[in-house]
Structures are given as structure tokens and as C-alpha cells.
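Below: one structure, written as C-alpha cells.
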Amino acid sequence: MSKYQGYQLCAVLGETLSLEATISVLDYTLPRILSGYPRLERLIIEPSRYIDTIDAAYLLTKVAQQFRGHPTLRYLFCSSDWIVPGAVEGCPRLEVLIVPSLRGKEEEEEEEEPQAVSGMEEDGRGSSMDTMDVEYPDDLHENERRIGGRHWEIWRGSGMRRNLTWIMKHKPTLTHIEMNKPTFWNRIPKVAPISPLPILKHLKLSDICSWALVNFLDFLRQSGQREQPALRHLITLSLDLDWLIVPTNAYEAISLGCPNLQSLTFIYANLTPAGVEAIATHLPRLKCLVMDKCDMWFYHGWMSLVRYLCSRMKELEKVGLEKCSFRELPLTMQVRFPVYSTRAGTMGWWTHSLRSLKLYANDEYRPSTADLEEVVERFPQLQELKLEVPAETFTKDGIAVWGPAAVNLHGLKKLVLRSGKYESYGTEPVASNTPLHLPNLQTVSIWSCPIFPFNFILPNASNLTTLKLNFLPTILPDTTFISLPNLRYLAVRGITVLAHPICLSIVNALTADSPKLEVLIMEALHRDCANLPSAFFPRLVEKCPKLRVIRLDRFITPRSTLTLLANATIWPNLASFHVWGQSAIHGATIEWEQTSLCPFLQTHRLLRSFHVGLHTLEVPGFELEGRCTDEHGYCHARNVVTYASYARSIKSRWWWLEDVVVHGPIKRQSVADSLL
């Protein structure tokens, strides 16, 4: 198969194309590649993952400069702002434009994914870099002087390529924009009377500088005062402010320029003392308010703030407060801000139609048991609940706070609980016999609770479709079996020295009767790897015949695993197979490729993602020589490059694979030791 034959194989039916900015793509040229996709609707251009980040940013910019547009394109994702001119001038149907920082495509998946690994250093699985910090050579701007329009000289400035006022003026059909480090004009551009107004519905801005924020607010305020709101169709607004102070008059400007706004999100923002009151005053019709890692002024903390917002904003359906810090005003200043008086937020006996509540806190501001009890009583229409809770609420001593939940939270569909540290030293936590039955509960995610949460799983076993158990301390007996007939997603993670037996015991118990399971994630986030029992995969094949995604981390698989799975009747819809961790697979040789790898990959033609960790790599042409040393006398760089080269070799031989990652133990042998 030729280098570019892969483009031609799926060009006729392809509606989504994901490319890495590599030398081959640059040489073949982006317009030539896109010409083979006459019905393309989604284009994703990402930096290459196998080269240095500076070189990756340079290649991404060069590839983005080649973009001339596409007549049917509706969705465009690229971290380089050089994609903007072609998007604005050459994509008549474009609706979604996403230009984030050079950190790769952000996953919306789970905010609950673990962020650290016990006992391990950074393993180099990802890197981050901002394209705005890269200095490109002068010849970068000399390749093309025109892009098919008359505005090439205007587009040359980085500030213009990120100027949302200019983009919305020339591309009013956009409905969704995400932009990193945006710029704005502090005036409204002159638009011809026949020009349509922007129909933008979703706007997400990140890394905003202070003057850009001021210009954006002035732009909204001016348009609202002229009774021609600039973003009258905007529904969702997300602002990542990098710890900027949000002026008190910002909320009035947002209400004037975005009269139909329903969702407002602040990330890394500093609110003024009157900020909370200004939100409730000028944006009372909001349905969603999210504050992520913000500093704000409010006197009584979490529930007082939620209570106050619900009393002033009757249409509020979702409140999210994650890792926010509260400051208390001095008593002398509370006269100026009456909302912070000791009576703030007291509503007597009250309920609210809130549907989603998220309270993730630092240890200093963790919601108390009384707060949890009030949540259960005050919000009977909750469908999604995510809370940081005291560890006692899982045990016999604190389970009483969930007593009214079976009646009050009968509509709850998703429950996420993060447990605090168990403080009762010298005593073992005791489970309660009180079951918590929620008839509509489908998703349960529990973090670090002191005991296995039987009370939350067993009464709702027949309804659960998603179950995530993270960092539990309990090893279940071999005789424990839980029937989960409708379970489709199971994730189990451990982080202590007993992570491997804990994960294995829980997975064995929960997969004993899970015939509909499609996704299995088992991660022992610790330095060492452990052997999987020889009966693990045969049992999994028997009990879970519909698996599509399997991801194991830091487990050593038996030698016969891939040979066993090289059967068309075993997991025919397998799309992702990750066996991660050093020595997860014993070794790669020519014999292993012929007897295990090749039959497995040839059998599973729907496989798209393949990650493996090797103990040794002895395939001819890819032997790990380990002769390249760094400035400290350690030889490991050649090993890393060899793993990446072998991954590209696998991807080129089995063209249907989209994501292949191979890694192994990095040799760190000093020069002195190598001479012995």
C-alpha cells in the first residue's frame, strides 16, 4: 500500500477526517488531500505526537497555511490560528470553529478522571505548548500572499486572526466558536444593512487578557444600548479568565449583549465582593451557572451561596461549584454589601426545581453532613448530583442523612460522590444495613470511600448502566458476585500498594453477571505491574461477550492473550484495546508478530485504538540498542524513538488502525556502568 493510499480508501464515504500535521501531509498538501473528500463535514487537524513540540507547532502552522476552505465543511478543529483565513473565506457552510491552545483535542469525557499516579514520575504521555509562544521563521509568511480572498494582508496579523469581532462580521453563519487568546475591537464594526446578524449560539473563550476582556464587555454593552444586541442568539458563554478580576458591571454588559443567555461558565476568575449579587440581579433567567476554580466573596460558604442563588434565580436548573475559594468580608464592609449579612440566603422551608448540582471543594471548604442533608431535602427534582461528602456518610454512623433520598430523589439518574478522609482513628468503618433505593439511578461514581459501597450498588443493580469505583480500600472475597444485568460501562481504579488485588477482586465480582458490558477499564495506578491470572481473559470472554473497549493499566497479560482473542466470534465489535504499563506484554519478536499480533489485528477490522506496553522489542530493524546518551550520561533517548517508530510501523501495516501507541521500559544505564 502506498503512503497516500489510506486517504483514497475512505475518501468517497468519509464525512470526518482527522489528520496529524506531519511532513508527509505537508508534502502532499492539504488541498490535495481534501479534494478526495467531496462530502467532508468534520475536519480535525492535530499536531504530530511523535516529534518535539516546537517542531510540531511549526508543522501545524505550515499545514494550516495551506488550508483554502472546503464547500461542505461544517466543523473545523485546529490549534493554529492560521486556519482561520481559509475557514472564514473558503467554507460557506461552516458552523463550528474551534481554535484551542496547542494541548491537543480536549476530551469532554470525564472531569472525574484521575490526575496523578502514586509513586510515579511524569511518564511523558502528553505535552502542552501554546502556539502563541512559538517564534516562527520569516519565510513562514512568504509562501502564499493570497488565500482566495482579498484580505490576506489583513489576516497576516495574529491579533486579526483571533479577532472575534472581525470573524463574526465576515462569517455570521457560525453557531459555535471556541478561541484561545481571543482579541476584540472595542467598537462595533460598520455592517451593511443587508448583512445578516451573527447567529452564534455557543462561545467559549480561554486565556483572555485584561484588555481583551474589557473590549469584549464594551462591545456587548454598546450593542445592547443601541437596542441591537450583538449576540442576541447566544445561549452558552464560557470564559476562562486566567485569574482576572471580573468587574461588577460585566454582568450588566453580558445581559445587554446576550439577552437570551441560558448558560454562563467562569473558569479561573476573581469575582468582586458584589459579584454574586450582580449575577443574581442582572442574569436572573440563567438556567446554568458554573464556577470552576474561582475566588469569590460570600459569608457562609457552600449551601448559603446555593440557597441565595436559588432564591433569586427561579429558573436555575444547574449549579456547578468546583474547587472555589470563599473570602469573608470584614464586618465593616458588610453594610455596603447586604447580601453577605448573617441572614443571607435563609428561606425558611423551601424547595427548588434545580436539576443538577455539583459541589467539588477543597478540604477547607468541604460541604458538611448538614449541607448534604439539606441538599437531599431541598431539591426533589434533582437528576444529577455530584458532591464532596464526609467519609462518615458511607458508614453506619452517617448513612442516616440519605434516609429521605429514596423519597425526595426518586428522579435522580446520576450520582457522583467523592469521599473525604476517614477521621475516626482506631476504629474500623462499619457498613450499614440500610439500602438506598433510587428507582431511576443509572450512573454511579464513587471516590475513596472507606468501605465498599454495597448500599448504593445492590439496591439499584438492575438499573445501573455506568459504574465507576475509584481508589477503594477493600479486597472483596472470591465468593462475592453482584448481578448487573444492564451494566454497559465499568471502571475500577486503585492507587495503593494493594491496587492490583483490589481491582481484580472488584472486577471479578462485578462482571460475574454483566452480559451487556461494553466498556471495561481496570487501572492499578501504582509503580509496579502485576500478573493477570491465566483465567482472566477466558472468563471475561465468557461473561462479557459484547465488550467493545478494554483498557488495562499496569497488568501483565498472559502470553496467549492475543492468540486467544484472534477469533472472529470473540468481541466482534472490539474498537479499543489498551494493555498499558511496562512489561504488559512479555516481548515483541518476529514469531510473536506472526502467531499473535497479526492474527489478532487481521481478525478485528473494527479496531481503531491499540496501545501496548512491551517488555522487550526484538523485531529486526527495531532492536533497542540503548547507545544514545543524554547530558547526564543516561542512554534512553534511542529507546523512546524506537518505540514510536515501531508504533508507526504497526499503523502502516494495518491501515484501519487510527491510534497506535507502543512503549516499554526506558533504559537508564549510566556510561560508567556500561563499561563494566
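Heads up: the sequence shown begins at 0 in numbering that gives the first Met the number 0, then just goes up one per residue.
The beta carbon of each residue, even a glycine, is placed where N, CA and C say it ideally should be.
Predicted, not measured: the structure shown is a model, and the values here were computed from it.
Boundaries (first-last residue) of the alpha helix (DSSP H) holding residue i
{"i": "Leu308", "result": "Trp301 to Arg311"}
{"i": "Cys597", "result": "Cys597 to Thr602"}
{"i": "Ile244", "result": "First-last for Ile244: Thr235 to Val245, but that is the beta strand (DSSP E), not the alpha helix (DSSP H)."}
{"i": "Arg377", "result": "Thr368 to Arg377"}
{"i": "Gly612", "result": "It is not in any alpha helix (DSSP H) - Gly612 instead sits in the beta strand (DSSP E) that spans Ser608 to Gly612."}
{"i": "Thr280", "result": "Gly274 to His281"}
{"i": "Val400", "result": "Val400 -> no alpha helix (DSSP H), and no H or E assigned at all."}
{"i": "Ser254", "result": "Ala249 to Gly256"}
{"i": "Asn572", "result": "Counting along the chain, Asn572 falls outside any alpha helix (DSSP H), and DSSP gives it neither H nor E."}
{"i": "Asn407", "result": "Ala404 to Asn407"}
C-beta contact flag for residue i and residue j at 8 Å
{"i": "Ser513", "j": "Lys542", "result": "yes"}
{"i": "Ser418", "j": "Ser444", "result": "no"}
{"i": "Ser595", "j": "Leu561", "result": "yes"}
{"i": "Phe183", "j": "Leu163", "result": "yes"}
{"i": "Leu381", "j": "Leu358", "result": "no"}
{"i": "Gly612", "j": "Ala587", "result": "no"}
{"i": "Leu315", "j": "Leu270", "result": "no"}
{"i": "Leu600", "j": "Tyr645", "result": "no"}
{"i": "Val245", "j": "Ala268", "result": "yes"}
{"i": "Pro181", "j": "Ile207", "result": "yes"}
{"i": "Ile676", "j": "Leu58", "result": "In the structure as shown, the chain begins at 0 and stops at 675. Residue 676 is therefore absent and cannot be evaluated."}
{"i": "Ala211", "j": "Tyr250", "result": "no"}
{"i": "Thr235", "j": "Gly274", "result": "no"}
Candidates the options: closest to residue i by CA position
{"i": "Ala55", "options": "Leu42, Cys77 and His201", "result": "Cys77"}
{"i": "Lys420", "options": "Arg492, Val548 and Thr392", "result": "Thr392"}
{"i": "Leu240", "options": "Val213, Gln227, Leu463 and Leu260", "result": "Val213"}
{"i": "Thr473", "options": "Arg487, His525, Leu489 and Phe453", "result": "Phe453"}
{"i": "Pro677", "options": "Ile549, His409 and His585", "result": "Here the chain covers residues 0 to 675 and nothing more, so residue 677 does not appear."}
{"i": "Ala360", "options": "Phe378, Thr350, Phe325 and Arg377", "result": "Phe325"}
{"i": "Ala574", "options": "Ala565, Thr568, Leu564 and Arg547", "result": "Arg547"}
{"i": "Lys385", "options": "Ser262, Leu320 and Arg526", "result": "Leu320"}
{"i": "Leu605", "options": "Pro619, Phe621, Gln581 and Phe576", "result": "Phe576"}
{"i": "Leu42", "options": "Val24, Leu18, Gln65 and Trp242", "result": "Leu18"}
{"i": "Arg160", "options": "Gln64, Asn572, Arg31 and Tyr298", "result": "Gln64"}
{"i": "Ala327", "options": "Ser352, Leu304 and Phe297", "result": "Here residue 327 turns out to be Glu, not Ala, going by the sequence shown. When only C-alpha atoms are compared, the closest one is Phe297."}
{"i": "Pro171", "options": "Arg31, His614, Leu93 and Pro84", "result": "Leu93"}
{"i": "Gln261", "options": "Asp206, Met312 and Glu517", "result": "Met312"}
{"i": "Leu531", "options": "Arg652, Ala498 and Val661", "result": "Ala498"}
{"i": "Leu238", "options": "Asn179, Met521 and Phe66", "result": "Asn179"}
{"i": "Glu372", "options": "Leu408, Leu304, Ala508 and Ser352", "result": "Leu408"}
{"i": "Val388", "options": "Pro379, Phe378 and Val374", "result": "Val374"}
{"i": "Pro476", "options": "Val640, Pro91 and Leu503", "result": "Leu503"}
{"i": "Val406", "options": "Thr52, Pro438 and Ala252", "result": "Pro438"}
{"i": "Ser461", "options": "Leu471, Asn485 and Thr442", "result": "Asn485"}
{"i": "Val83", "options": "Ile97, Pro70, Arg73 and Thr71", "result": "Ile97"}
{"i": "Leu263", "options": "Ser648, Leu202 and Ile166", "result": "Leu202"}
{"i": "Arg553", "options": "Ala430, Arg492 and Ser355", "result": "Arg492"}
{"i": "Leu435", "options": "Pro46, Leu463, Leu489 and Trp401", "result": "Trp401"}
{"i": "Cys90", "options": "Trp81, Ser79, His69 and Lys515", "result": "His69"}
Span of the beta strand (DSSP E) around residue i
{"i": "Gly319", "result": "Lys317 to Glu321"}
{"i": "Gln325", "result": "Before going on, a small fix: residue 325 reads as Phe here, not Gln. Its beta strand (DSSP E) spans residues Ser324 to Arg326."}
{"i": "Leu270", "result": "Ser262 to Leu270"}
{"i": "Gly493", "result": "Tyr488 to Gly493"}
{"i": "Val618", "result": "Looking at the DSSP string, Val618 is not in any beta strand (DSSP E), and its letter there is neither H nor E."}
{"i": "Val429", "result": "Unbroken run through Val429: none, as it is neither H nor E."}
{"i": "Tyr421", "result": "Tyr421 -> no beta strand (DSSP E), and no H or E assigned at all."}
{"i": "Leu435", "result": "Counting along the chain, Leu435 falls outside any beta strand (DSSP E), and DSSP gives it neither H nor E."}
{"i": "Thr588", "result": "Neither: Thr588 is in no beta strand (DSSP E) and is coded neither H nor E."}
{"i": "Leu358", "result": "Ser355 to Tyr359"}
{"i": "Thr442", "result": "Thr442 to Trp446"}
Contact with chain D by residue i, beta-carbon distance below 8 Å
{"i": "Pro544", "result": "Judged by its chain identifiers, the structure shown contains no chain D, having just a single protein chain."}
Distance cut-off 7 Å: residue i Cβ against heavy atoms of the ligand SAH
{"i": "Arg31", "result": "Judged by which ligands are present, the structure shown has none, so any question about the ligand SAH falls away."}
Let me know the beta strand (DSSP E) ranges lying completely inside the stretch 15 to 99, each 3 residues or longer, listed in chain order.
15 to 20, 41 to 46, 74 to 77 and 95 to 98
Pairs of beta-carbons, one from the stretch 306 to 313 and one from the stretch 254 to 265, closer than 8 Å: are there three or more?
no
Check whether the stretch 283 to 293 touches the stretch 364 to 371, counting contact only when three or more Cβ pairs, one atom from each stretch, lie closer than 8 Å.
no
Going residue by residue through the stretch 167 to 227, where are the continuous alpha helix (DSSP H) segments of at least 4 residues, counting only ones entirely within it?
209 to 224
Can you check the stretch 448 to 477 for any beta strand (DSSP E) of at least 3 residues that lies completely inside it and give the ranges in chain order?
465 to 469
Within the stretch 473 to 559, ranges of the beta strand (DSSP E) (whole runs, at least 3 residues):
488 to 493, 518 to 523 and 548 to 552
The stretch 449 to 464 contacting the stretch 479 to 491, beta-carbon criterion three pairs below 8 Å:
yes
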